[in-house]
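A.B. asks: Line order of the protein sequences matches chains A and B.
With the first letter of the first sequence counted as 1, position 24 gets the number 23 in numbering that gives the first Met the number 0; the numbers rise by one all the way through.
With the first letter of the second sequence counted as 1, position 167 gets the number 166 in numbering that gives the first Met the number 0; the numbers rise by one all the way through.
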Amino acid sequence: MRNFFAAAALQLALLAVPIIFPAVPAAAAETMVKIDNFTFTPQRITVKAGTTVTWENEDDIPHNIVSTTQLFKSKVLDTDEYFSFTFTTPGVYEYFCSLHPHMTGTIIVEAATEGVGP
Amino acid sequence: MTSSTNDPNAKNLSRRKVLECMTWAGTGVLWTISGGVPRSLGIIDEAMAQDAGGLTFLQISDSHVGFDKPANPNALGTLEEAINRIKALPVKPSFMIHTGDITHLSKPREFDDANRIISQARLDVHYVPGEHDVIDEEVKLYREHYGRGTKGAGWYSFDANGVHFVGLVNVVDLKAGGLGTLGSAQLEWLENDLKGRTASTPIVVFAHIPLWTVYPEWGWGTDDSARVLAYLKRFGSVTVLNGHIHQVMQKVEGNVAFHCARSTAFPQPAPGAAPSPGPMKVADDKLRTMLGITNVTFRRGQQRLAIIDTPLQS
Chain A
0 MRNFFAAAAL QLALLAVPII FPAVPAAAAE TMVKIDNFTF TPQRITVKAG
50 TTVTWENEDD IPHNIVSTTQ LFKSKVLDTD EYFSFTFTTP GVYEYFCSLH
100 PHMTGTIIVE AATEGVGP
Chain B
0 MTSSTNDPNA KNLSRRKVLE CMTWAGTGVL WTISGGVPRS LGIIDEAMAQ
50 DAGGLTFLQI SDSHVGFDKP ANPNALGTLE EAINRIKALP VKPSFMIHTG
100 DITHLSKPRE FDDANRIISQ ARLDVHYVPG EHDVIDEEVK LYREHYGRGT
150 KGAGWYSFDA NGVHFVGLVN VVDLKAGGLG TLGSAQLEWL ENDLKGRTAS
200 TPIVVFAHIP LWTVYPEWGW GTDDSARVLA YLKRFGSVTV LNGHIHQVMQ
250 KVEGNVAFHC ARSTAFPQPA PGAAPSPGPM KVADDKLRTM LGITNVTFRR
300 GQQRLAIIDT PLQS
């Protein structure tokens with residue numbers, strides 16, 4: 000939970016950045032995926048390219064986050080541990096927990112609005 | 000079940016009885032706690048360990064050494080209690096099997112602690128890994144500790160008293176959206192391992208995740224277990240022992256008896272009875288009634304092995 004607030008605070012800070020330094024791309028954002036009750040929440044999420052997604056394990060059982068294309072793979076996260084990955088390229092990214100493979104999730108990455116685009 | 004199926008000498012079930020079993024099996028779940036003393040309800044016939052001429056071995060499972068969360072802050076302590084129970088048995092078992100999740104996080108210290116406690120039973124122990132034992136890259140620690148003489152990710156077979164034992168691994172190379180997996184290399188090995196054995200050889204197969212579909216919504220099953228059952232079909236007596244679900248559950252399908260053992264660390268909820276299969280916190284004075292060990296006896300001339308589950312505290 001603490002990390003979630005920290006991330007939220009960081010997100011607010013980043014949102015403020017373009018006002019102070021307009022040259023910085025507005026795409027730098029963060030979002031959280033909670034691991035709880037053997038479920039990724041939200042299970043399906045759409046973000047802009049450049050977004051850093053952070054998964055935090057709130058279960059009493061360890062889990063990991065493994066891309067089905069091997070693009071990213073976390074170490075096994077014990078309770079309260081977290082893992083982050085920055086999605087730079089638009090696309091659909093499927094992932095799962097390789098310890099409990101019935102746990103699956105999807106990150107949909109859209110082109111950043113101010114970005115160069117595909 | 001009807002009482003006649005309790006008869007240990009009823010080698011061949013009538014068609015009607017088989018149908019009754021199938022009807023029962025269709026309900027999926029059998030709870031075996033009666034009057035606070037969990038037992039097998041006669042589906043898998045009971046026998047006294049004292050009976051002469053048999054083979055008795057012990058199963059423990061899911062010791063999760065290193066687990067310290069509210070469901071059981073001292074998983075090493077309850078493992079030690081289980082081992083003390085085994086040491087106090089009136090008849091010493093021939094050996095022990097451990098059906099995986101020896102450790103919680105595959106840490107060197109956890110493996111060392113587990114070995115220190117389990118070795119106090121002074122029994123040979125045959126292990127298969129659970130998903131918690133293969134967390135480190137390349138499964139180095141599990142292989143170092145238990146991999147000698149095994150194939151692939153740790154599968155093997157051995158014989159004792161005319162019974163053929165097969166330890167299988169269904170916790171590696173799992174696929175997104177799937178269940179436990181054995182993989183084609185292991186299945187090929189198993190087919191060859193069973194080839195040439197007479198149909199009258201009693202077979203005991205053990206693996207961590209159930210080799211029957213208990214509850215796929217929670218991943219409690221093995222994707223390619225149907226092939227295992229196909230290879231086992233011709234044998235007259237097959238017993239499948241699993242762990243992973245931290246509760247006693249059993250069913251009989253034809254000549255195959257399936258059994259899941261309790262954990263020595265923490266209980267998990269009945270299928271669908273909670274939002275997730277995570278550790279179940281129960282009242283402190285209840286915990287030891289939901290942890291335990293499993294005693295298995297094979298007697299020559301009987302189709303089914305006698306399986307008795309004993310809680311740490313009744």
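Glycine included, every Cβ here is placed at the ideal spot set by N, Cα and C.
1. Using a cut-off of 8 Å between C-beta atoms, extract the partners of residue 60 (chain A) located in chain B.
2. With DSSP as the reference, identify every bridge partner of residue 47 (chain A), one or two as the case may be.
3. Which whole-angstrom value describes the C-beta separation of residue 81 (chain B) and residue 96 (chain B), a residue pair presumed to lie in contact below a C-beta threshold of 8 Å?
4. Beta strand (DSSP E) containing residue 224 (chain B): first to last residue?
5. Residue 163 (chain B): which of B:305, B:307, B:54 sits nearest, CA to CA?
6. Please return the same chain residues whose Cβ sits closer than 7 Å to the Cβ of residue 234 (chain B), not counting the five positions on each side in sequence.
7. Report the residue ranges of all beta strand (DSSP E) runs contained in full by the region 226-292 of chain B; include only those spanning at least 3 residues, in chain order.
8. For residue 176 (chain B) versus residue 100 (chain A), is the C-beta spacing smaller than 8 Å?
9. For residue 169 (chain B), I'd like the list of residues in its chain whose CB is within less than 8 Å of its CB, leaving aside the five on either flank, ordered along the chain.
10. Tell me whether residue 29 (chain A) counts as near the ligand ADP, meaning its Cβ is closer than 7 Å to at least one heavy atom of that ligand.
11. Using CA coordinates, which residue listed in B:312, B:256, B:171, B:115 is at the minimum distance from residue 135 (chain B)?
12. Is DSSP giving residue 73 (chain B) helix, strand or coil here?
13. At a CB-CB cut-off below 9 Å, which residues of chain B make contact with residue 37 (chain A)?
14. Taking only three categories from DSSP, how would you classify residue 37 (chain A)?
15. Can you list, in chain order, the residues of the region 174-189 of chain B whose Cβ is nearer than 9 Å to any Cβ on chain A?
16. What separation, rounded to the nearest whole angstrom, lies between the Cα atoms of residue 124 (chain B) and residue 113 (chain B)?
17. How would you list, in chain order, the residues of chain B whose beta-carbon sits under 9 Å from the beta-carbon of residue 80 (chain A)?
18. Taking Cβ positions, are residue 76 (chain B) and residue 106 (chain B) nearer each other than 8 Å?
19. What first and last residue would you give for the beta strand (DSSP E) that runs through residue 183 (chain B)?
20. Please list, in chain order, all residues of the same chain as residue 167 (chain B) whose beta carbon is under 8 Å from its beta carbon, the five residues on each side excluded.
21. Would a check of beta-carbon distances place residue 45 (chain A) closer than 8 Å to chain B?
22. For residue 196 (chain B) and residue 29 (chain A), what's the separation of their Cα atoms in angstroms?
23. Just how far apart, CA to CA, sit residue 104 (chain A) and residue 97 (chain A)?
24. With a 10 Å radius around its C-beta and 16 neighbouring C-beta atoms as the bar for buried, classify residue 303 (chain B) as buried or exposed.
25. In angstroms with no decimal places, state the Cα-to-Cα distance between residue 305 (chain B) and residue 297 (chain B).
26. Below 6 Å CB to CB, which residues in the same chain sit around residue 152 (chain B) once its five sequence neighbours on both sides are set aside?
27. Using the beta-carbon count (16 or more within 10 Å), is residue 2 (chain B) buried or exposed?
28. Shorter than 8 Å from the beta carbon of residue 210 (chain B) to some beta carbon of chain A?
29. Tell me which residue opens and which closes the alpha helix (DSSP H) that residue 107 (chain B) is part of.
30. In chain B, which residues lie less than 8 Å from residue 128 (chain A) when you measure between Cβ atoms?
31. Can you give the beta carbon distance from residue 242 (chain B) to residue 100 (chain B), rounded, assuming they're within the 8 Å contact cut?
32. My understanding is that residue 112 (chain A) touches residue 47 (chain A), with C-beta atoms under 8 Å, so please give their C-beta distance in whole angstroms.
33. Near residue 174 (chain B), which residues of its chain fall below 8 Å by C-beta distance, leaving aside the five closest residues on each side in sequence?
34. For residue 92 (chain B), which residues in the same chain have their Cβ closer than 6 Å to its Cβ, ignoring the five residues on either side in sequence?
35. Mark residue 310 (chain B) as exposed unless 16 or more other C-beta atoms lie within 10 angstroms of its C-beta, in which case mark it buried.
C.D. replies: So, from the listed chains and residues:
1. Contacts between residue 60 (chain A) and chain B, judged by CB atoms closer than 8 Å, involve 277, 278 in chain order.
2. A:109.
3. Contact doesn't hold; Cβ gap of about 13 Å is too wide.
4. Secondary structure note for residue 224 (chain B): it is in no beta strand (DSSP E), and the uninterrupted alpha helix (DSSP H) holding it is 224-231.
5. Taking only the C-alpha atoms, the option nearest residue 163 (chain B) is B:54.
6. Excluding sequence neighbours, residue 234 (chain B) sits near 198, 200, 202, 254.
7. 237-241, 248-252, 255-259, all fully within the region 226-292 of chain B.
8. Their beta carbons are under 8 Å apart, which means residue 176 (chain B) touches residue 100 (chain A) by this criterion.
9. Close CB contacts of residue 169 (chain B) within its chain, under the 8 Å cut and outside five residues either way in sequence, are with 179, 180, 181, 206, 207, 208, 210, 221, 224 (chain order).
10. Looking for the ligand ADP in the displayed structure turns up nothing, as the structure carries no ligands at all.
11. If we check each option's Cα against that of residue 135 (chain B), B:171 comes out closest.
12. Three-state DSSP puts residue 73 (chain B) in coil, outside helix and strand.
13. The answer, in chain order, is 217, 218, 274, 275, 276, 277.
14. Note: residue 37 (chain A) maps to coil in three-state DSSP.
15. Listed in sequence order: 174, 175, 176, 177, 178, 179, 180.
16. One C-alpha to the other measures close to 12 Å.
17. From the beta-carbon of residue 80 (chain A), no residue of chain B is found nearer than 9 Å; the closest lies around 11 Å away.
18. Cβ atoms of residue 76 (chain B) and residue 106 (chain B): not closer than 8 Å.
19. That residue, residue 183 (chain B), is in no beta strand (DSSP E); its alpha helix (DSSP H) goes 183-193.
20. Taking C-beta separations shorter than 8 Å and ignoring five residues to either side along the sequence, the partners of residue 167 (chain B) in its chain run 127, 154, 181, 185, 189, 204, 205, 206, 210, 227, following chain order.
21. Answer no: the Cβ-Cβ gap between residue 45 (chain A) and chain B never drops below 8 Å.
22. The alpha-carbon of residue 196 (chain B) is positioned some 60 Å away from that of residue 29 (chain A).
23. Straight across, the Cα-Cα distance linking residue 104 (chain A) with residue 97 (chain A) is about 12 Å.
24. By the 10 Å Cβ count, residue 303 (chain B) comes out buried.
25. Cα atoms of residue 305 (chain B) and residue 297 (chain B): separation of roughly 6 Å, rounded to the nearest angstrom.
26. If we look at residue 152 (chain B) and ignore the five residues flanking it on each side, its Cβ neighbours are 168, 171.
27. In this predicted model, residue 2 (chain B) has a pLDDT of only 33, less than 50, meaning its place in the structure is not dependable; the value taken from the coordinates is given anyway. When all chains shown are included, residue 2 (chain B) counts as exposed.
28. Among the residues facing chain A, residue 210 (chain B) is not included, as its CB has no counterpart in that chain under 8 Å away.
29. First-last of the alpha helix (DSSP H) with residue 107 (chain B): 107-117.
30. Residue 128 (chain A) cannot be examined here, being either before or after the span of chain A that is shown, 0 to 117.
31. Sure, about 7 Å apart at Cβ, within 8 Å.
32. Yes, residue 112 (chain A) and residue 47 (chain A) are in contact; Cβ-Cβ is about 7 Å, under 8 Å.
33. 180, 222.
34. Cβ within range, chain order: 55, 56, 57.
35. Residue 310 (chain B) should be labelled buried.
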